[in-house]
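The opening residue of the sequence shown carries number 148 in our numbering; numbering runs sequentially from there.
Ideal Cβ positions, reconstructed from N, Cα and C, are used throughout, including at glycine.
Here the structure is a predicted model, which means the values were calculated and not measured.
The structure under discussion appears below in the form of structure tokens.
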Amino acid sequence: MKDEAASDSKAGTGLRAFAPAVAMAVLTATGLGAAELAPPSTGQMAVVFPPLTDEAAAWRRVTEAGGAIVGPSRFSNVVIAYAKDPDFSSRVRSRGALFTLAATGLCRSVDGQSRSGAGDT
148 MKDEAASDSK
158 AGTGLRAFAP
168 AVAMAVLTAT
178 GLGAAELAPP
188 STGQMAVVFP
198 PLTDEAAAWR
208 RVTEAGGAIV
218 GPSRFSNVVI
228 AYAKDPDFSS
238 RVRSRGALFT
248 LAATGLCRSV
258 DGQSRSGAGD
268 T
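Below you can see the structure in the form of structure tokens.
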């Protein structure tokens, strides 16, 4: 009985020894993920509005803020926009956007193509 309890105690101690390494791995992965989603200061980005915002209203707010529409995303409240200047993000947030993200993964244009010259039309 004592051997079994000692064995369980040693196993628990051994696993606890890995806790700092696991915590560092999780923090590193989270940091890398956040860096991947950081929007550029200009160029193509995803503009995220509150969940119940309809697509037409989101598109209007993006153009009012001086951005060009690149296209829709997979979500009606997320618009892929082209920012001509670094102040676009703050202007679009003042018009109701929650935040901006890099236009990658689920936040890229539905057709998946980059149109970096979208603002030139």
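Contacting residues, own chain, Cβ-Cβ under 7 Å from residue i (five flanking each side not counted)
i: V209; result: V194, I216, V226, A228, V239
i: P198; result: N224
i: L245; result: V195, F196, P197
i: M192; result: P186, A228, A230, T247, L248, A249, A250
Span separating the alpha-carbon of residue i from that of residue j
i: P233; j: W206; result: 19 Å
i: G243; j: R163; result: 45 Å
i: T200; j: G190; result: 23 Å
i: E211; j: S241; result: 11 Å
i: K231; j: G214; result: 7 Å
i: A203; j: S188; result: 24 Å
i: F235; j: T251; result: 19 Å
Chain C contact for residue i (CB, 7 Å cutoff)
i: F222; result: The structure shown has no chain C; it contains just one protein chain.
Under the three-state DSSP convention, the category residue i falls into
i: A204; result: helix
i: T189; result: coil
i: F235; result: helix
i: A181; result: Since pLDDT at A181 reaches only 46, below the 50 mark, its modelled position is unreliable, and the value read off the structure follows with that caveat. If DSSP states are grouped into helix, strand and coil, A181 belongs with the helices.
i: A164; result: helix
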